[in-house]
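Protein chains in written order, with this note's numbering: chain Z, 984 to 1375; chain Y, 984 to 1375.
For every residue, glycine included, the Cβ atom is placed at its ideal position computed from N, Cα and C.
Please read all numbers here as calculations on a predicted model, not as lab measurements.
As structure tokens, the structure follows; a few thoughts come after it.
2 protein chains.
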Amino acid sequence: MYLTMFDPSTRLAATTTLDTLETPCLILDADRMDRNITRLRNRLDGMGVSLRPHLKTAKSIDVARRVMSAPEGPATVSTLKEAEKFAADGVRDMIYAVGIAPAKLARVVELRSEGVDLVVVLDTLEQAQAVAAASRDAGMRIPAMIEIDCDGHRSGVVPADHAQLLEIGKILAAGAELRGVLTHAGDSYKGGGVAEQKRYAEAERLAVVDAGRLLRDAGLPCPVVSVGSTPTAHHAKDLTGVTEVRAGVFVFFDLVMAGIGICQVDDIALSVLATVIGHQREKGWIITDGGWMSLSRDRGTGKQAVDQGYGLVCDLEGNAYLDIIVADANQEHGIIAVRPGSDARLPDLAVGDRVRILPNHACATAAQHSVYHVVRGGSHAVETCWPRFGGW
Amino acid sequence: MYLTMFDPSTRLAATTTLDTLETPCLILDADRMDRNITRLRNRLDGMGVSLRPHLKTAKSIDVARRVMSAPEGPATVSTLKEAEKFAADGVRDMIYAVGIAPAKLARVVELRSEGVDLVVVLDTLEQAQAVAAASRDAGMRIPAMIEIDCDGHRSGVVPADHAQLLEIGKILAAGAELRGVLTHAGDSYKGGGVAEQKRYAEAERLAVVDAGRLLRDAGLPCPVVSVGSTPTAHHAKDLTGVTEVRAGVFVFFDLVMAGIGICQVDDIALSVLATVIGHQREKGWIITDGGWMSLSRDRGTGKQAVDQGYGLVCDLEGNAYLDIIVADANQEHGIIAVRPGSDARLPDLAVGDRVRILPNHACATAAQHSVYHVVRGGSHAVETCWPRFGGW
């Protein structure tokens, strides 16, 4: 409903660098991003499944163009606002991967009328009936996928509930379009090592492959069989029966993903640039202007083996300081300190010096900003700015 | 640097109600807000000190006009973006209450050149020297306040460090303008009951009153003596020697403030409107489209006696359901459940039904949105929309 727009009076100066940007702000290392995209694309190409990237992480047309295999998609979105923004940029093949609220079907119909193959997701009879009713009213068959709950994490039809699955399938096939089945192994974010991740991936695969078979055995169509989470996408050994993989955070990675071994710390493409504004030397604190408003309130590593506080501190070239974290944060203040239990030395940073802070959770941190400042490798030069949007 | 703008094509229809708004979105009960403002204003009027409201909570010109005692201020801000936006609306008296980074002084000088009495805050010699240098370069005396660390919470000169306080004071008085002293009792958010809050308030007062006396005894000026936090503002018994009180979250209140007894749950003016999109009945879960993107990742009640999860669930009129909380949240999914240990019954909510969710932390939740939808009391009618902004 509301647009976040670039202010055209403040376009990037040719000489903008990490030393001159206003802080705090969001930095994107495009070299790291490109490497992350290539890594997953190569992996899935080798397994014969297509990648349907989840654009909720970046919410940026510029990133979307780089992460999608073609300008028309496929892609996954988490809001209708994303669907509308990406459709306006030419994306034509999207799944809106959050259970559809009946009142949102009017916007779905509008996008489909414009030639966008937007697919909805659902797991209840009420939603299937609403999609069928909206299809009848609009004179078009709205495609829907049935969400399967592969791990008890969130939404979806429980795999054992064959009756529910078939009944939803019949309503969709009769009154709308049954496009397929979809699941998300949300529990894979808990980690547990490579063997455990392979088990998550196989459970994710089996949940939808079995559901698809059940539908087909009942004479119902199920052309699309969709799985997706960054950890399982990187660990699945076998994707037989799966037609596509959705993943989002792989494009940037973050400390939560590094904490469960899906990436290395120096794969993380996103950081927040902050300026030192003071010290509490007797406490071993460096105070910066990078508080939770710029880092987000996400404390996703708080339950992991290594708690990164509100983020891991790097120098301006993006190299992490050993055991130096944002130990606490207020709205516009970050408190940098040595990680508890470490005998690392606090870096010698004066008032006015700058650091880059790696995020716990890329989706949450990026959402606090309206623009990516794009750098490459260890360079301080800001190549360009890519706007991002929020809202619903 | 970047503006969040209303999309003029989607202005509010006259018939917009809580039943027709796109979800998730932010709701502001203006009756509750007005009551909260009146409560603190009356209290401080009775104590003979002025209120300098912190506008970082609302980041809205419409709310600012209602919470300030006059269109010109005084006010407090947490970013230069706030200072610039409010200055453009006529606010002329502001403290930027985050330690100044030397590189930000150019924007301070620009605003002061336009007739805005913008005051900076600092606690180091380096910052005082930078303010003096910028004053010399700009041919104007930039006013600065010295931050005092009343409770070891964050920034500020330690009260016992008289030498540091006097040296900063001398640099400012000689080369800039020493406007006064300022502190923030951040520890008061921990609660502890009325007697404890009165102790926090008295410690906050003494820290700045003593610092002011030290400066004056050394022949230095100290016209402004500023304290501020919502809990201490509501509990201070004596404010002798204090000239002004800063407070921010009192305007909306939130579950953290209710949890430490500063307000009642039905004083909370802010909520997130969300739609039911599914159930996991055997688990006792209702799934909504109100995930952490709309609620924020703030889990501020997690350390309180009553953990409210990601928020407390209310009906559309704003009445809280007994012991029904958002127990967990993903980016665009909220999981509503009965609070652990309670024998309350889950409300009977169908797919498409709507709820309002009270936030843990108003500043963090409001920051996830670009507009307030204003209602009054239990009415479903949306009176108007007030845009809000973010960024730095």
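Contact under 8 Å by Cβ, residue i with residue j
i: residue 1341 (chain Y); j: residue 1274 (chain Y); result: no
i: residue 1058 (chain Y); j: residue 1035 (chain Y); result: yes
i: residue 1297 (chain Z); j: residue 1339 (chain Z); result: yes
i: residue 1363 (chain Y); j: residue 1299 (chain Y); result: yes
i: residue 1239 (chain Z); j: residue 1301 (chain Z); result: no
i: residue 970 (chain Z); j: residue 1305 (chain Z); result: Outside the shown range of chain Z (984 to 1375) lies residue 970 (chain Z), about which nothing can therefore be said.
i: residue 1426 (chain Y); j: residue 1355 (chain Y); result: Here chain Y comprises residues numbered 984 to 1375, so residue 1426 (chain Y) is not present and cannot be evaluated.
i: residue 1077 (chain Y); j: residue 1066 (chain Y); result: yes
i: residue 1032 (chain Z); j: residue 1225 (chain Z); result: yes
i: residue 952 (chain Z); j: residue 1343 (chain Z); result: The first residue shown for chain Z is 984 and the last is 1375, placing residue 952 (chain Z) beyond what the model contains.
i: residue 1258 (chain Z); j: residue 1086 (chain Y); result: yes
i: residue 1015 (chain Z); j: residue 1311 (chain Z); result: no
i: residue 1252 (chain Z); j: residue 1041 (chain Z); result: no
i: residue 1039 (chain Y); j: residue 1231 (chain Y); result: yes
Residues sharing a beta bridge with residue i, DSSP
i: residue 1258 (chain Y); result: Y:1337
i: residue 1077 (chain Z); result: Z:1058 and Z:1101
i: residue 1012 (chain Y); result: Y:1358
i: residue 1295 (chain Z); result: Z:1308 and Z:1341
i: residue 1316 (chain Z); result: Its beta-bridge partners do not exist; DSSP assigns none.
i: residue 1035 (chain Z); result: Z:1229
i: residue 1271 (chain Z); result: Z:1259 and Z:1317
i: residue 1129 (chain Y); result: Y:1105 and Y:1164
i: residue 1082 (chain Z); result: Z:1104
i: residue 1368 (chain Y); result: Y:1356
i: residue 1208 (chain Y); result: Y:1164
Per-residue contacts from residue i into chain Y (C-beta, under 8 Å)
i: residue 1369 (chain Z); result: Under the 8 Å cutoff, chain Y gives no residues; its nearest Cβ is about 12 Å from residue 1369 (chain Z).
6 Å Cβ shell around residue i - same chain, five flanking residues per side excluded
i: residue 1134 (chain Z); result: 1168 and 1170
i: residue 1046 (chain Z); result: none
i: residue 1367 (chain Z); result: 1357
i: residue 1054 (chain Y); result: 1073
is_contact[residue i, chain Z] using C-beta, thresh 8 Å
i: residue 1347 (chain Y); result: yes
i: residue 1061 (chain Y); result: yes
i: residue 1096 (chain Y); result: no
i: residue 1302 (chain Y); result: no
i: residue 1107 (chain Y); result: yes
i: residue 1316 (chain Y); result: yes
Residue i at chain Y interface by Cβ criterion, 8 Å
i: residue 1010 (chain Z); result: no
i: residue 1018 (chain Z); result: no
i: residue 984 (chain Z); result: Because the pLDDT of residue 984 (chain Z) is 32, which lies under 50, any placement of that residue in the model is unreliable, and the number read from its coordinates should be weighed accordingly. True, the Cβ-Cβ gap to chain Y drops below 8 Å.
i: residue 1356 (chain Z); result: no
i: residue 1039 (chain Z); result: yes
i: residue 1145 (chain Z); result: no
i: residue 1137 (chain Z); result: yes
i: residue 999 (chain Z); result: no
i: residue 1255 (chain Z); result: no
i: residue 1025 (chain Z); result: no
Own chain partners of residue i with C-beta closer than 7 Å, once the 5 adjacent residues on each side are dropped
i: residue 1136 (chain Z); result: 1169 and 1170
i: residue 1260 (chain Y); result: 1270, 1271, 1272 and 1334
i: residue 993 (chain Y); result: With a pLDDT of only 47 at residue 993 (chain Y), under the threshold of 50, the placement of this residue in the model should not be trusted; the figure read from the coordinates follows. Answer for residue 993 (chain Y): no residue qualifies.
i: residue 999 (chain Y); result: 1365
i: residue 1208 (chain Z); result: 1163, 1164, 1191, 1192, 1195, 1224, 1225 and 1226
Sequence-distant residues of its chain with Cβ nearer than 8 Å to residue i (five each side left out)
i: residue 1223 (chain Z); result: 1188 and 1192
i: residue 987 (chain Z); result: Confidence in residue 987 (chain Z) is poor, its pLDDT being 40 and thus under 50, which makes the residue's placement too unreliable to answer from.
i: residue 1197 (chain Y); result: 1145, 1148 and 1149
i: residue 1327 (chain Z); result: 1304, 1305, 1306, 1307 and 1321
i: residue 1336 (chain Z); result: 1258 and 1259
i: residue 1026 (chain Z); result: 1216 and 1217
i: residue 1119 (chain Z); result: 1158
Cross-chain neighbours of residue i in chain Z, by beta carbon under 7 Å
i: residue 1036 (chain Y); result: Residues of chain Z passing the Cβ test: none, with the nearest at roughly 15 Å.
i: residue 1280 (chain Y); result: 1279, 1280, 1281 and 1347
i: residue 1261 (chain Y); result: 1082, 1106, 1107 and 1138
Under 9 Å from the C-beta of residue i: neighbouring residues of chain Y
i: residue 1007 (chain Z); result: 1375
i: residue 1258 (chain Z); result: 1084, 1085, 1086 and 1087
i: residue 1270 (chain Z); result: 1082, 1106, 1137 and 1138
Neighbouring residues, chain Z, relative to residue i (Cβ below 8 Å)
i: residue 1042 (chain Y); result: By Cβ distance, chain Z contributes nothing, its closest Cβ being about 10 Å from residue 1042 (chain Y), past 8 Å.
Chain-ordered chain Y contacts of residue i [CB-CB under 7 Å]
i: residue 1276 (chain Z); result: 1350
i: residue 1110 (chain Z); result: 1334
Under 9 Å from the C-beta of residue i: neighbouring residues of chain Z
i: residue 1307 (chain Y); result: Simply none; closest approach about 18 Å.
Contact test: residue i Cβ vs the ligand ZN heavy atom, cutoff 7 Å
i: residue 1140 (chain Y); result: Absence of the ligand ZN is noted for the structure shown, with no ligands found whatsoever.
Chain A contacts from the segment 1064-1083 of chain Z (Cβ-Cβ distance under 8 Å): Included in the structure are the protein chains Z and Y, with no chain A among them.
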